[in-house]
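One structure below.
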Amino acid sequence: MIGSFGWRGLRDGRQGGTTRPYLKLIQRAGEAEGVSFETITPDLTYRACKGASSFLMTDAELGLNPSSASALALSKSAASDALRAAVVPCVEHLFVPHPGYRFGGGSAEAHLRAEAAFARFGCDAVVKPDDGAQGRHVYRVRRPDELREALDAVFALERHAAISPYREAELEYRIVVLDGEARVWVGKRRSGSWKHNLAEGARSVEVPAADRKRLSPLAVRAAAALDMAFCSVDILDTALHGPLVIELNHKVMLGDHYRQRPETEAELSALYRDAIALRFERL
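Residue numbers for the sequence shown follow full-length UniProt numbering, beginning at 1 and rising by one.
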């Protein structure tokens, strides 16, 4: 039963609206199907309403994934373990606990764990926060002193670290999977950096049909391995190791892609129309 503080009490609240172009696209996609959006926190939290049904969305998160799957995707190392258990080709990420973690062994053990992985990865590795996003605080390390500095930088943020082998790839792909089907493909070509982050200068490029066909099964397998209904899968297309999943994102963020390539609006709108419809079906 919906109580007095349920969503019906919000009918007199502010109508949906946002200054963020990507959220505007999502809301327009829903409105085309008779969905209205009521503002909870401007530019962040909304209640999507259709008939007698509604759900909360925060940022671009629609709530289609189980909470356990979303939590798993937030950990680079845990997601890597799940992918490897499902025999999905991926870039291994090893968990390096913060020295203050009560289930860890302190600073010395954390550094020894990272040093052993660094040697196993051929002394060319990437260190990042285990829960990192958007390429922030990500370091490529090729010497022991660089490894120590990178770990200390991540630990200074009071976060756990993850270490992975560096895998050379000119292109990284982001493939959006909805309900077991690949729906949107984004190519990310690096520019002036070894990273492929669109927010840090990489360019969004068209993905040819042949590459879509080649990479889509891997993205779908990765999403299934983490029990995710709506997610984006990042894939490095390496020359030496073939395509490898590098991470999954439980929140589908394509704002930088949309900013660089506004002509993709129809494709993105269709994606969100179907995603919002699926969310209402599952209420």
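Note that beta-carbon positions come from the ideal geometry of N, C-alpha and C, so glycine has one too. Quick caveat: nothing in here was measured; it's all calculated off a predicted structure.
Simplified DSSP assignment, three categories, for G192: Counting from one through the sequence shown, the residue named residue 192 turns up at place 192. Here G192 sits in coil by DSSP.
Per-residue burial, G30 [other beta carbons within 10 Å of its own, 16 or more giving buried]: Residue mapping note: residue 30 aligns to position 30 of the sequence shown, counting from 1. Buried, since its Cβ has 16 or more Cβ neighbours within 10 Å.
Same chain only: Cβ atoms within 8 Å of residue 292, ignoring 5 sequence neighbours per side: Nothing can be reported for residue 292: it is not among the residues displayed for the chain, which extend from 1 to 283.
Rounded straight-line distance, which links the Cα of S36 to that of F95: As a first step, residue 95 must be located in the sequence shown, where it is residue number 95. As a first step, residue 36 must be located in the sequence shown, where it is residue number 36. Answer to the nearest angstrom: the Cα atoms are 42 Å apart.
One or two residues paired with A182 in a DSSP bridge: Locating residue 182 in the sequence shown gives position 182, counting from the first residue. DSSP lists V177 as partners of A182.
Helix, strand or coil at Y139 according to DSSP, with G and I counted as helix: Within the sequence shown, numbered from 1, the residue matching residue 139 stands at position 139. Correct three-state label for Y139: strand.
Segment contact, 8 Å Cβ cut-off, at least three pairs: the region 145-152 with the region 102-118: yes
K76 beta carbon less than 8 Å from that of E247: Looking up residue 247 in the sequence shown gives position 247. Looking up residue 76 in the sequence shown gives position 76. Taking 8 Å as the Cβ cut-off, E247 and K76 qualify as a contacting pair.
Reduced DSSP category for Y22 - H, G, I as helix; E, B as strand; rest coil: Start at 1 with the first residue of the sequence shown, and residue 22 comes out as number 22. In the structure shown, Y22 sits in a helix (DSSP, three-state: H, G or I).
Burial state of S232 (16 or more Cβ within 10 Å): For the purposes of this step, residue 232 is identified with residue 232 of the sequence shown, where counting begins at 1. Counting Cβ neighbours within 10 Å, S232 comes out buried, since at least 16 surround it.
Reference G106, options D81, H160 and F121, closest by Cα: The sequence position of residue 106 within the sequence shown is 106, counting from 1. Here the closest residue by C-alpha is H160.
Environment of K188 [buried if 16+ CB atoms lie within 10 Å]: The sequence position of residue 188 within the sequence shown is 188, counting from 1. K188 should be labelled buried.
Residue range of the beta strand (DSSP E) that includes K128: Position 128 of the sequence shown, counted from the first residue, corresponds to residue 128. K128 -> beta strand (DSSP E) spans A125 to P129.
D179 versus F230, F155, L226 and G135, residue with shortest Cα-Cα distance: Counting from one through the sequence shown, the residue named residue 179 turns up at place 179. Checked all of F230, F155, L226 and G135; the closest Cα to D179 is F230.
A73 versus A82 - alpha carbon distance: Taking the sequence shown and counting its residues from 1, one reaches residue 73 at position 73. Taking the sequence shown and counting its residues from 1, one reaches residue 82 at position 82. Approximately 10 Å, taken between the alpha carbons.
C-alpha distance - E263 paired with L271, whole-angstrom precision: Residue mapping note: residue 263 aligns to position 263 of the sequence shown, counting from 1. Residue mapping note: residue 271 aligns to position 271 of the sequence shown, counting from 1. Between E263 and L271, the C-alpha separation is close to 14 Å.
Local conformation of E172 per DSSP, three classes: On the sequence shown, position 172 is the one that residue 172 refers to. In this structure, E172 counts as strand in the three-state DSSP scheme.
Nearest neighbour of R183, chosen from K195, S216 and Q260 [CA to CA]: If you number the sequence shown from 1, residue 183 lands on position 183. With distances taken between Cα atoms, R183 lies closest to S216.
Nonlocal neighbours in the same chain, by C-beta distance under 7 Å from A277, ignoring five residues either side: Position 277 of the sequence shown, counted from the first residue, corresponds to residue 277. Result list for A277: E33, in chain order.
In DSSP terms, what P99 is bridged to: The residue labelled residue 99 in the question sits at position 99 within the sequence shown. Paired residue(s): none; P99 is not in a bridge.
CB contact flag (S237, L171, <8 Å): On the sequence shown, position 237 is the one that residue 237 refers to. On the sequence shown, position 171 is the one that residue 171 refers to. With the sequence shown as reference, residue 237 is identified as Asp, and Ser is not the correct amino acid for it. Yes, Cβ-Cβ distance for D237 and L171 is below 8 Å.
Within 8 Å, strictly: CB atoms of P129 and A110: Along the sequence shown, one-based indexing puts residue 129 at 129. Along the sequence shown, one-based indexing puts residue 110 at 110. The answer is no: Cβ separation not under 8 Å.
Alpha-carbon spacing of R261 relative to A224, whole angstroms: In the sequence shown, residue 261 corresponds to position 261, counting from 1. In the sequence shown, residue 224 corresponds to position 224, counting from 1. C-alpha separation (whole angstroms): 29 Å.
Member of D234, A78, S269 and N249 whose CA lies at the smallest distance from the CA of G63: Position 63 of the sequence shown, counted from the first residue, corresponds to residue 63. With distances taken between Cα atoms, G63 lies closest to N249.
DSSP state of E115 mapped onto helix, strand, coil: For the purposes of this step, residue 115 is taken as residue 115 along the sequence shown, with counting starting at 1. Of the three classes helix, strand and coil, the one that applies to E115 here is helix, per DSSP.
Reference S204, options R174, G192, D227 and V220, closest by Cα: Residue mapping note: residue 204 aligns to position 204 of the sequence shown, counting from 1. Of R174, G192, D227 and V220, the residue nearest in Cα terms is R174.
Alpha-carbon to alpha-carbon, R102 and R259: Here residue 259 corresponds to residue number 259 of the sequence shown, with the count starting at 1. Here residue 102 corresponds to residue number 102 of the sequence shown, with the count starting at 1. Spanning the two alpha carbons is a distance of roughly 43 Å.
S191, buried or exposed, once every other Cβ within 10 Å from all chains shown has been counted against 16: Within the sequence shown, residue 191 is the residue found at index 191, counting from 1. Answer is exposed; the Cβ neighbour count stays below 16.
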